[in-house]
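Heads up, our numbering is the position in the sequence shown plus 17, with the first residue counted as 1. The C-beta atom is built at its ideal place from N, Cα and C for all residues, glycine as well. To keep things clear, I will list the structure first and then write my remarks on it.
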Amino acid sequence: MSSKVDISTTTTLIVIDVQKGFRDEQYWGGHRCTPDLEQNITKLLTGFRKAHLPIIHVKHDSIIPTSPLRPSNAANEIEDYAKPLATNNEPLLHKSVNSAFIGTDLEKRLREQ
18 MSSKVDISTT
28 TTLIVIDVQK
38 GFRDEQYWGG
48 HRCTPDLEQN
58 ITKLLTGFRK
68 AHLPIIHVKH
78 DSIIPTSPLR
88 PSNAANEIED
98 YAKPLATNNE
108 PLLHKSVNSA
118 FIGTDLEKRL
128 REQ
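If you want it as structure tokens, here you go:
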């Protein structure tokens with residue numbers, strides 16, 4: 018990821034499904050192919066926060082009983098490096114399907130930005 022990216026003042030960062038449960042290689046069937054994920058998300062969050070640009074977080078609350086992303090499972094938690102900051106008014110939306118637009122007010126929030 019480049020160290021500098023020009024971002025419009027109307028841009029919103031949406032951080033989706035950055036949860037501890039996705040580290041469960043046995044459940045998901047193998048190792049992930051994103052070795053720089055943590056570093057890149059941290060850079061994006063830092064840049065947006067410094068620029069006072071909006072950030073919306075979305076997490077998956079699975080309805081599958083064996084999923085590590087079940088709300089009752091500790092692995093459902095957002096990774097520490099990607100947690101929303103309440104002091105920055107970063108909302109956390111919850112979804113139970115693959116799309117962050119179904120069953121949430123994400124579209125409304127984006128249109129209001």
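For residue i, three-class secondary structure by DSSP
{"i": "residue 127", "result": "helix"}
{"i": "residue 60", "result": "helix"}
{"i": "residue 70", "result": "coil"}
{"i": "residue 86", "result": "coil"}
{"i": "residue 102", "result": "coil"}
{"i": "residue 118", "result": "coil"}
Boundaries (first-last residue) of the beta strand (DSSP E) holding residue i
{"i": "residue 110", "result": "109-112"}
Those residues which DSSP pairs with residue i across a bridge
{"i": "residue 32", "result": "74"}
{"i": "residue 95", "result": "36"}
Presumed contact (8 Å Cβ cut-off) between residue i and residue j, rounded CB distance
{"i": "residue 72", "j": "residue 30", "result": "5 Å"}
{"i": "residue 99", "j": "residue 62", "result": "7 Å"}
{"i": "residue 36", "j": "residue 76", "result": "6 Å"}
{"i": "residue 119", "j": "residue 112", "result": "7 Å"}
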